[in-house]
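Only one structure is covered here, and it is reproduced in the block below.
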Amino acid sequence: MSVRRLAPKEVQPESFAFTAENLAWAEKTIAKYPPGRQASAVIPLLMRAQEQAGGWVSEPAMRYVGDMLGMAPIRVYEVATFYTQFQLQPVGKRAHIQVCGTTPCMLRGAGDLMKVCKSRIHEEPFHLSANGDFSWEEVECAGTCVNAPMVQVWKDVYEDLTPADLEKILDAFERGEHPASGPQNGRLTSAPVTGLRVLTSPELFDGSMVGQGAGLALAREALAAKAKGETAPAAPPPAAAAAAPPPPPKNDPAPAAAPAAKAVEAAGDADKEKPKKPVAPPPGGKPTDSTAE
Amino acid sequence: MAKIIVDDIELDVPPEFTLLQACEAAGAEIPRFCFHERLSIAGNCRMCLVEVKGGPPKPTASCAQNVRDLRPGPNGEPPVILTKSPMVKKAREGVMEFLLINHPLDCPICDQGGECDLQDQAMAYGVDTSRYAENKRAVEDKYIGPLIKTSMTRCIQCTRCVRFTTEVAGVAELGAIGRGEDMEITTYLEAALSSELQGNVADLCPVGALTQRPYAYHARPWELSKTESIDVMDAVGSNIRVDTRGREVMRVLPRLNEDVNEEWISDKTRYIWDGLKTQRLDRPYVRVNGKLKVASWPEAFAAIAAKVKAVPGNRIGGLVGDLASVEEAFALKSLLASLGSSNIDCRQDGAKLDPALGRASYLFNATIAGIEQADALLIIGSNPRLEASVLNARIRKRWLQGNFPIGLIGPHVDLTYPYDYLGAGSDTLTDLVNGGGFAEVLKGAQRPLILIGQGALARADGAAVLAQAARLAVAVGAVKEGWNGFSVLHTAASRVGALDIGAVPGEGGLDAVAMTNPGGVDVLFALGADEIDIAPGAFVVYLGTHGDRGAHRADVILPGAAYTEKSGTYVNTEGRVQVANRAAFPPGEAREDWAVLRALSDVVGHRLPFDSLAQLRAALYAAYPHLARLDHVTPADAAAVNALSSAGGTPASGPFASAVTDFYLTNPIARASAVMAECSALASSRHAAAAE
Ligand code: SF4
Ligand code: FES
Ligand code: FES
Numbered sequence: 001m002s003v004r005r006l007a008p009k010e011v012q013p014e015s016f017a018f019t020a021e022n023l024a025w026a027e028k029t030i031a032k033y034p035p036g037r038q039a040s041a042v043i044p045l046l047m048r049a050q051e052q053a054g055g056w057v058s059e060p061a062m063r064y065v066g067d068m069l070g071m072a073p074i075r076v077y078e079v080a081t082f083y084t085q086f087q088l089q090p091v092g093k094r095a096h097i098q099v100c101g102t103t104p105c106m107l108r109g110a111g112d113l114m115k116v117c118k119s120r121i122h123e124e125p126f127h128l129s130a131n132g133d134f135s136w137e138e139v140e141c142a143g144t145c146v147n148a149p150m151v152q153v154w155k156d157v158y159e160d161l162t163p164a165d166l167e168k169i170l171d172a173f174e175r176g177e178h179p180a181s182g183p184q185n186g187r188l189t190s191a192p193v194t195g196l197r198v199l200t201s202p203e204l205f206d207g208s209m210v211g212q213g214a215g216l217a218l219a220r221e222a223l224a225a226k227a228k229g230e231t232a233p234a235a236p237p238p239a240a241a242a243a244a245p246p247p248p249p250k251n252d253p254a255p256a257a258a259p260a261a262k263a264v265e266a267a268g269d270a271d272k273e274k275p276k277k278p279v280a281p282p283p284g285g286k287p288t289d290s291t292a293e
Numbered sequence: 001m002a003k004i005i006v007d008d009i010e011l012d013v014p015p016e017f018t019l020l021q022a023c024e025a026a027g028a029e030i031p032r033f034c035f036h037e038r039l040s041i042a043g044n045c046r047m048c049l050v051e052v053k054g055g056p057p058k059p060t061a062s063c064a065q066n067v068r069d070l071r072p073g074p075n076g077e078p079p080v081i082l083t084k085s086p087m088v089k090k091a092r093e094g095v096m097e098f099l100l101i102n103h104p105l106d107c108p109i110c111d112q113g114g115e116c117d118l119q120d121q122a123m124a125y126g127v128d129t130s131r132y133a134e135n136k137r138a139v140e141d142k143y144i145g146p147l148i149k150t151s152m153t154r155c156i157q158c159t160r161c162v163r164f165t166t167e168v169a170g171v172a173e174l175g176a177i178g179r180g181e182d183m184e185i186t187t188y189l190e191a192a193l194s195s196e197l198q199g200n201v202a203d204l205c206p207v208g209a210l211t212q213r214p215y216a217y218h219a220r221p222w223e224l225s226k227t228e229s230i231d232v233m234d235a236v237g238s239n240i241r242v243d244t245r246g247r248e249v250m251r252v253l254p255r256l257n258e259d260v261n262e263e264w265i266s267d268k269t270r271y272i273w274d275g276l277k278t279q280r281l282d283r284p285y286v287r288v289n290g291k292l293k294v295a296s297w298p299e300a301f302a303a304i305a306a307k308v309k310a311v312p313g314n315r316i317g318g319l320v321g322d323l324a325s326v327e328e329a330f331a332l333k334s335l336l337a338s339l340g341s342s343n344i345d346c347r348q349d350g351a352k353l354d355p356a357l358g359r360a361s362y363l364f365n366a367t368i369a370g371i372e373q374a375d376a377l378l379i380i381g382s383n384p385r386l387e388a389s390v391l392n393a394r395i396r397k398r399w400l401q402g403n404f405p406i407g408l409i410g411p412h413v414d415l416t417y418p419y420d421y422l423g424a425g426s427d428t429l430t431d432l433v434n435g436g437g438f439a440e441v442l443k444g445a446q447r448p449l450i451l452i453g454q455g456a457l458a459r460a461d462g463a464a465v466l467a468q469a470a471r472l473a474v475a476v477g478a479v480k481e482g483w484n485g486f487s488v489l490h491t492a493a494s495r496v497g498a499l500d501i502g503a504v505p506g507e508g509g510l511d512a513v514a515m516t517n518p519g520g521v522d523v524l525f526a527l528g529a530d531e532i533d534i535a536p537g538a539f540v541v542y543l544g545t546h547g548d549r550g551a552h553r554a555d556v557i558l559p560g561a562a563y564t565e566k567s568g569t570y571v572n573t574e575g576r577v578q579v580a581n582r583a584a585f586p587p588g589e590a591r592e593d594w595a596v597l598r599a600l601s602d603v604v605g606h607r608l609p610f611d612s613l614a615q616l617r618a619a620l621y622a623a624y625p626h627l628a629r630l631d632h633v634t635p636a637d638a639a640a641v642n643a644l645s646s647a648g649g650t651p652a653s654g655p656f657a658s659a660v661t662d663f664y665l666t667n668p669i670a671r672a673s674a675v676m677a678e679c680s681a682l683a684s685s686r687h688a689a690a691a692e
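As structure tokens, then:
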């Protein structure tokens with residue numbers, strides 16, 4: 001975080017007004033809040049104003065939104081400066097690259113992505129590239145850590161990036177295209193990069209189990225058989241034993257919790273070689289010494 | 001009531017008490033920065049942490065949790081709060097260390113030094129070292145107006161200033177932008193604050209981030225002597241403390257008085273002090289051949305005596321100015337009476353108030369604190385925001401509590417709270433008397449308040465307006481057992497006191513307008529009367545403090561003492577008798593006004609019967625016993641309002657004007673103040689911009 005200021009006077013537009021379409025949308029949005037609470041709509045309205053104005057909130061836009069909601073301009077200013085999602089400076093016309101710089105992405109090479117931004121766009125974040133097409137910034141976790149590293153452009157995320165991927169994405173934006181979002185390494189959403197490891201049996205997808213009504217029971221049976229026959233679960237290490245959930249109270253309506261945990265343990269053969277983690281107690285259970293720090 | 005144990009002391013407190021209040025009730029001291037009794041609770045400084053058994057197992061911000069939210073012990077024992085436990089000590093030290101991480105240690109050059117909450121609490125609850133070796137944060141200073149100086153690096157982000165301006169002053173102008181350690185206090189685009197109460201943020205700021213700009217680098221708190229006194233800038237009678245160094249007034253601060261100003265004062269009250277040093281009359285002058293020449297006291301007195309002795313008593317008159325204390329008005333009245341004159345008036349503005357109608361006809365009968373009991377308000381011909389800013393804050397406070405309909409007849413202005421605009425002038429008032437509309441709202445209220453400003457009374461038909469207002473008050477049930485909502489808001493500090501002692505024309509006497517008209521009187525004593533034009537012809541003796549309008553017109557100038565330089569009684573708009581004390585001495589040869597009048601009386605051959613202030617007061621109290629009840633309001637008999645309501649007269653139609661148009665320049669001291677001049681210019685440019 002750094003100090004956030006309004007853009008200098010020279011770049012501020014004369015005025016701001018919603019388009020007819022956005023105005024109608026804004027009125028609908030304001031109507032969602034109880035009378036007298038219109039100010040609650042300030043964040044969505046500012047966001048819409050930002051989208052309409054090419055990705056940043058200008059000073060006239062703040063005043064406009066404030067007038068619309070009966071808020072003093074300083075109150076809108078407070079909101080707009082509080083949330084880093086509001087850009088207070090003009091951003092690139094074609095793309096504003098938000099590179100995630102939080103730990104998982106950093107560990108997976110976000111630094112290299114930033115190097116690309118620095119060389120292609122501008123040495124400093126929040127500065128426009130020479131032609132005004134691009135700008136970039138470092139943001140905190142954008143929520144796709146599994147596919148780290150990532151960048152966000154407008155409302156799309158580009159994941160599993162290498163510097164070369166980012167270059168390609170920038171090229172596409174430069175050409176005025178809209179590159180396909182999502183993982184750039186062929187991975188399916190956030191599935192394991194080596195391919196699916198669960199839910200792989202084709203019957204699940206060919207429709208042959210539809211209407212059988214026994215899916216879960218069958219699966220349990222299969223798992224139980226597997227657990228019995230092939231690999232009896234290794235005796236849990238003492239820590240896990242200590243942390244084992246206490247027997248559920250008699251009137252507990254959900255006795256399924258314990259068997260499910262067992263089943264998961266049994267199915268987790270991929271993790272077998274790693275030491276087992278203590279199983280977290282079910283909610284409401286008394287924490288024991290081994291789970292409390 | 002809820003039982004609670006604070007440091008082994010068991011006590012009963014109301015369940016809605018915060019833990020901090022409960023601790024205070026038990027006598028435990030809780031350090032705090034963000035919490036303030038009169039502001040909403042923010043809970044963001046964490047200095048007030050205590051240990052609570054029966055609450056979450058962590059240090060708890062005591063200002064932000066209610067007693068009722070605590071759980072009793074397993075066997076029903078009362079919840080326990082510890083304010084001296086090791087956990088609390090560690091928590092406070094930790095908070096203090098965090099606060100000081102980004103706080104510059106610039107106390108030697110900080111104006112708050114010596115009266116800084118952070119300094120004091122760091123001494124009491126902090127540790128002597130910091131583990132922080134990184135660079136400190138620095139924040140750009142902001143411009144927020146000519147009155148408040150900012151040093152924003154010192155801000156500890158308690159948001160007291162933001163809450164004050166928004167909640168009490170009623171102008172949403174100050175805000176906190178950014179977040180975390182980058183949070184900064186500023187106004188929108190660094191515009192100057194527009195509130196008349198903004199000076200209070202410097203008092204509220206627990207550190208030296210907001211300090212008083214005019215006082216910057218002038219003095220240190222420990223070199224000032226402090227005198228408790230009363231303000232005369234308006235008729236509220238705010239309680240103030242005047243800080244002086246040697247002969248010089250260095251600053252004015254508010255004093256707590258729940259019944260009057262709570263703990264706020266207006267900017268005029270606070271920043272007037274530079275006006276006490278400029279344009280002062282420090283020696284007598286006599287006009288010779290059209291030019292004012294320096295004279296000695298005997299020369300000046302001789303010039304007056306020559307004139308006075310040459311005319312009959314009824315050709316002599318006296319005006320009591322807006323800043324005069326009761327004592328000097330009494331002395332002037334006595335002097336005129338002994339000269340055989342009943343020409344005296346304290347109503348320079350021509351307000352049609354008359355003590356003969358009864359005391360209740362000119363008092364703010366509901367009292368200032370009583371505003372909080374009212375449940376409907378009608379403002380007639382007044383802009384309380386400018387005429388009595390602190391009282392306006394009280395109205396706003398009442399409005400914030402809800403269920404408080406407000407109507408206004410008069411200029412359509414921003415009062416910091418919404419109101420029903422009913423109309424501009426007397427026609428609307430007449431309509432209300434006939435019932436319907438807002439009159440029904442007032443009727444439906446238990447304790448309706450009718451506030452009448454001087455703007456409605458200082459007109460030719462003022463008496464009829466006053467009677468009309470009384471009729472309305474009686475009709476809507478504002479005057480009844482236990483409640484008198486008929487309330488006149490004054491603008492001059494001297495007015496109520498002068499009316500109380502009958503400083504109005506006696507039998508056959510001339511009023512202010514008649515005296516100052518051409519051919520009015522031959523000799524006119526103007527006791528600090530600067531708000532009135534005196535026609536040529538009369539020989540004017542001006543007894544006052546500043547080279548203002550009155551002095552320019554004068555033929556003899558007698559230098560008097562300003563309100564900080566004398567002990568004087570002032571009666572505020574609600575009739576509260578308060579004594580202002582002397583904090584400094586009048587400059588040069590200037591003397592206290594009553595003493596000047598006493599000396600003069602000797603020269604003109606009618607020696608006044610008192611040789612000391614004590615004797616004067618004894619005579620005053622004998623004649624007007626209620627003036628001896630200091631700091632009290634002697635309630636006025638409401639029968640006067642009932643009588644007034646049956647007085648005849650229809651007001652002429654026409655809009656009411658406000659008695660105060662330029663808040664910052666209402667009296668000679670204010671007009672001599674450079675700070676007030678700057679504020680006035682700023683306000684009028686803001687006004688012009690708004691009019692565009
Ligand atoms: S300027 Fe002073 S009062 Fe305002 S938030 Fe900062 S420390 Fe608190
Ligand atoms: S850490 Fe980068 S998306 Fe979460
Ligand atoms: S006083 Fe309680 S958090 Fe500041």
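Read top to bottom, the protein sequences are chains A and B.
The opening position of the first sequence corresponds to residue 1 in full-length UniProt numbering, with each subsequent residue numbered one higher.
The opening position of the second sequence corresponds to residue 1 in full-length UniProt numbering, with each subsequent residue numbered one higher.
Using N, Cα and C, we set each Cβ at its ideal position, and we do this for glycine too.
DSSP state of residue i mapped onto helix, strand, coil
i        : result
B/Cys107 : helix
B/Leu11  : strand
A/Gln152 : strand
A/Gln50  : helix
B/Cys346 : coil
A/Gly182 : strand
B/Ile368 : coil
B/Tyr419 : coil
B/Ile81  : strand
A/Ala257 : Caution is warranted here: a pLDDT of 39 is assigned to A/Ala257, below 50, making its placement in the model unreliable, and the coordinate value is therefore given only provisionally. Looking at A/Ala257 - three-state DSSP - the assignment turns out to be helix.
Strand pairing of residue i, partner residues [DSSP]
i        : result
B/Glu262 : B/Asn257
B/Trp483 : B/Lys480
B/Thr150 : B/Leu210
B/Asn66  : B/Thr18
B/Lys136 : According to DSSP, which records beta bridges pairwise, B/Lys136 is partnered with nothing at all.
Any non-hydrogen atom of ligand 1 within 7 Å of residue i CB
i        : result
B/Cys116 : no
Closer than 7 Å: residue i CB and nearest ligand 2 heavy atom
i        : result
A/Gly143 : yes
A/Met150 : yes
A/Cys100 : yes
A/Thr103 : yes
Residue i beta carbon near ligand 3 (any heavy atom closer than 7 Å)
i       : result
B/Arg46 : yes
Residue i: first and last residue of the uninterrupted beta strand (DSSP E) it sits in
i        : result
B/Leu558 : Val556 to Pro559
Any C-beta of chain A under 8 Å from that of residue i
i        : result
B/Thr150 : no
B/Ser382 : no
B/Ile177 : yes
For residue i, the first and last residue of its enclosing alpha helix (DSSP H)
i        : result
B/Gly497 : Arg495 to Asp500
is_contact[residue i, chain B] using C-beta, thresh 8 Å
i        : result
A/Phe126 : no
A/Pro13  : no
A/Gly284 : Note that A/Gly284 scores 43 on pLDDT, short of 50, meaning its location in the model is unreliable; the coordinates nonetheless yield the value given after this. By this cut-off, A/Gly284 is not an interface position.
Residue i beta carbon near ligand 4 (any heavy atom closer than 7 Å)
i        : result
B/Cys205 : This structure does not include ligand 4; its bound ligands are ligand 1, ligand 2 and ligand 3.
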